[in-house]
Amino acid sequence: MSNLYEEAYNQSINDPEAFWGPIAEECHWYKKWDKVLDDSNKPFYRWFVGGEMNTCYNALDLHIDNGIGENKALIYDSPVTNTKRVYTFNELRDEVARFAGVLAAKNVQKGDRVIIYMPMIPEAAIAMLACARLGAVHSVVFGGFAANELATRINDAKPKVMVTASCGIEVKKVIPYKPLLDESINLAGFKPDSCIVFQRPMVQAELKAGRDYDWDELMNAAKPHDCVPVLATDPLYILYTSGTTGQPKGVVRDNGGHLVALKWTMKAIYDIDEGDVYWAASDIGWVVGHSYIVYAPLFKGATTIMFEGKPVGTPDAGTFWRVIQDHGVKSLFTAPTAFRAIKRDDPEAKLMKDYDLSSFKILFLAGERTDSDTLKWAETNLKVPVIDHWWQTETGWAIAANCMGLHHFPVKPGSPTKAVPGWDVQVVDPNNKPVASGEIGAIVVKLPLPPGTLPTLWQNDKRYIEAYLEEFPGYYKTADAGYIDEEGYIYVMTRTDDIINVAGHRLSTGAMEEVLSCHPMVAECAVMGVEDRLKGQVPLGFLVLKAGVTVDHDQIIREAIQMVRDQIGPVAAFKTATIVKRLPKTRSGKILRGTMRSIADQKEYKVPATIDDPAILDEIEVSLGAIGYGKKASK
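Structure follows, in structure tokens:
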């Protein structure tokens, strides 16, 4: 039996122009495109060539023209400052137009770059949309990022203006941003003309005469600026991939394809209509924040939520349920790690019962593999569909998902369901040959990639080809490994460099994590391959226990090892695990497996700039030392 998903998918692969052309008609264009897909300069494909549009107009002004200017556009909810604020489309457009005027007065023009280094406050979204309004290219760098890492991005993007705030707020501390910004500019070879600083009441930043300007003062004197038409193929933003070192890798997003694809995804994937309340609990420093806090919900005319807080600790593990209740959230998108933190602190979901979640219809998870235990816990307690989906900074939107606005497929734990329309996903061996159904290989996407993905890297076409297109000619390399089953469900098991070779057997650490996460005492886990003289590599497990566990740790480790032996087999050679208080992660929730592996193997490593708390690495060293790994191994 045919369904909307199958029709859409087949057309998107067999005739992409006929698929994306009518979807693009639903957006506002100053001049229609000459061609939906230009493939004349392979491998550099371009979408909607010749079309002229403006991203900000489609996010804000279009809805005002269509009579919904008084609808809620943006809700700011900040438990760390005890603040809530609501912007209608009219109000948000007026603020954005004024800040576009501020930037224009600082000589920012179409094609100029602006770096935004801000916390999760409405002014961050306003700055992004104001850049889009002018046709300037924004690059958001996670607030609080180390000065030397910010400096590399300044040198690469060469921004005319920097926009920042006086501070960001973590759970228990205030982080002044201005000293970090000043140091980064001192370190950078390229110097921006000016810095605009939004002063928050918690910290008053010192302004350097002739370079630094107060946000409020400039806004009070600003003249609103109209939208500037840009080509569909002009860049909208640069987003540097997390964990990059040295020469940063700047993912470029164009204006036209980004608008068309993201607006379509809101209904097709997330089942969100105009007027619905949608919440992506991420940060604007990451791709999720770009795609699904700032742009896609506003393109659709939905209400988006900007949340300044954490899933636990602001004030407790019930804060997500409070936000859903207070604002009538229909759909939440967050990382599995957020739910693991909630589950760890409130394993019985008692706090959930204090809130009215009747508005809530679907939970979406992405960012890390969703383990079966977390999926089951969320399904059991929320009693709504829980949808794992898979995508990357480079892709800008989901490669694989259960497309809830097209057809709701049965959920298979461990799978983000099927390829989304537009994505020709295949699994190949190292020689670029397709593998059999169910066999693990490299997951690749046949070119051309759909609209809204990366057309190249910022001023580095050569590196774009080397990083993504060279290894598997004709395909985009996802750098993820996994398989596709007979029903077309995709299983993303691990990064390709996390496939370990144990005595000649290629094994997925992700499969072992899947087993360990089912242990009733385990809140979170990670497995990586460490060097072994006999077998080449052997797996090593890290377990984080649920709050309040009193069972003997050695017993839990024995049970966990036996579970892997029972479900994967002795071939896995899984014999060693250690219990840790927490796992080192990036601020976006990704576990730093490579760093942990380097510690275990006594290899030099650089503390990743995106790490949430560097002190955790010392704890990991001590834990590894206790079981005979790393520099702190007991002699």
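Under the UniProt record's numbering, the first residue of the sequence shown carries the number 1, and numbering increases by one thereafter.
C-beta atoms are modelled at their ideal positions from N, C-alpha and C, and glycine is treated no differently.
Because the structure is a prediction, the values reported are computed rather than measured.
Closest in alpha carbon position to residue 38, among 31, 30, 21, is 21.
For residue 184, the closest alpha carbon among the candidates 202, 210, 197, 153 is that of 153.
The shortest CA-to-CA distance from residue 174 to any of 148, 143, 590 is the one to 143. Using a C-beta cut-off of 8 Å, the region 458–468 makes no contact with the region 429–445, since fewer than three inter-stretch Cβ pairs fall below that distance.
If you look at residue 263, you'll find it in the alpha helix (DSSP H) that goes 255–268. A direct Cα-to-Cα measurement between residue 272 and residue 584 gives close to 34 Å. If you draw a straight line from the Cα of residue 113 to the Cα of residue 392, it comes to about 23 Å.
Of the candidates 151, 240, 96, the residue whose Cα lies closest to the Cα of residue 223 is 96. Boundaries of the beta strand (DSSP E) around residue 481: 475–484. Leaving aside the five residues that flank residue 128 on each side, the residues in its chain whose CB is nearer than 6 Å to its CB run, in chain order, 138, 294. Within the region 385–466, the runs of alpha helix (DSSP H) that reach at least 4 residues and sit entirely inside it are, in chain order, 461–464. Here residue 166 is not near residue 211, since their CB atoms are 7 Å or more apart.
Residue ranges of uninterrupted beta strand (DSSP E) with 3 or more members, entirely inside the region 163–219 and ordered along the chain, are 167–169, 174–176, 194–198, 212–214. Inclusion of residue 194 and residue 373 in the CB contact set at 7 Å is not warranted, their separation being larger than that value. Comparing alpha carbon positions, the residue from 554, 251, 451, 483 closest to residue 141 is 251. It is roughly 54 Å from the alpha-carbon of residue 88 to the alpha-carbon of residue 431. Annotation: residue 27 is outside any beta strand (DSSP E) and is labelled neither H nor E by DSSP. Taking a 10 Å sphere around the C-beta of residue 358, we find fewer than 16 other C-beta atoms and assign the residue as exposed. If you ignore the 5 residues before and after residue 318, its C-beta comes within less than 8 Å of the C-beta of 346, 351, 352, 354, 355, all in its own chain and listed in chain order. Residue 304 is positioned such that its CB atom lies closer than 7 Å to that of residue 74. Residue 537 carries a strand assignment under DSSP once its states are collapsed to helix, strand and coil. Within a 10 Å sphere around the beta-carbon of residue 537 sit 16 or more other beta-carbons, which makes this residue buried. For the pair residue 125 and residue 557, the Cα-to-Cα distance works out to about 46 Å. Under the criterion of beta carbons closer than 8 Å, residue 535 and residue 580 do not qualify as touching, at roughly 24 Å. The region 472–491 makes no contact with the region 55–64; the number of CB pairs closer than 8 Å stays below 3. Residue 443 holds the alpha-carbon nearest to the alpha-carbon of residue 390 among 86, 443, 410, 597.
In this structure, DSSP gives residue 489 a state outside helix and strand, which the three-state scheme calls coil. With a 10 Å radius around the Cβ and a threshold of 16 neighbouring Cβ atoms, residue 255 comes out buried.
Per the Cβ contact rule, the region 541–553 is not in contact with the region 601–611 (fewer than 3 Cβ pairs under 8 Å). Residues 537, 538, 540, 597, 600, 601, 629 of the same chain have their beta carbon placed closer than 7 Å to that of residue 530, with the five preceding and five following residues left out of the count.
Remark: C-beta atoms of residue 65 and residue 49 do not approach each other more closely than 7 Å. Residue 360 has its alpha-carbon roughly 10 Å from the corresponding atom of residue 278. Linking residue 275 to residue 292 through their CA atoms gives a straight-line distance of about 15 Å. By the neighbour-count definition (other C-beta atoms within 10 Å, threshold 16), residue 41 is an exposed residue.
Taking a C-beta distance under 7 Å as the contact criterion, residue 163 and residue 196 qualify as a contact pair.
Around the CB of residue 466, fewer than 16 other CB atoms lie within 10 Å, so the residue is classed as exposed.
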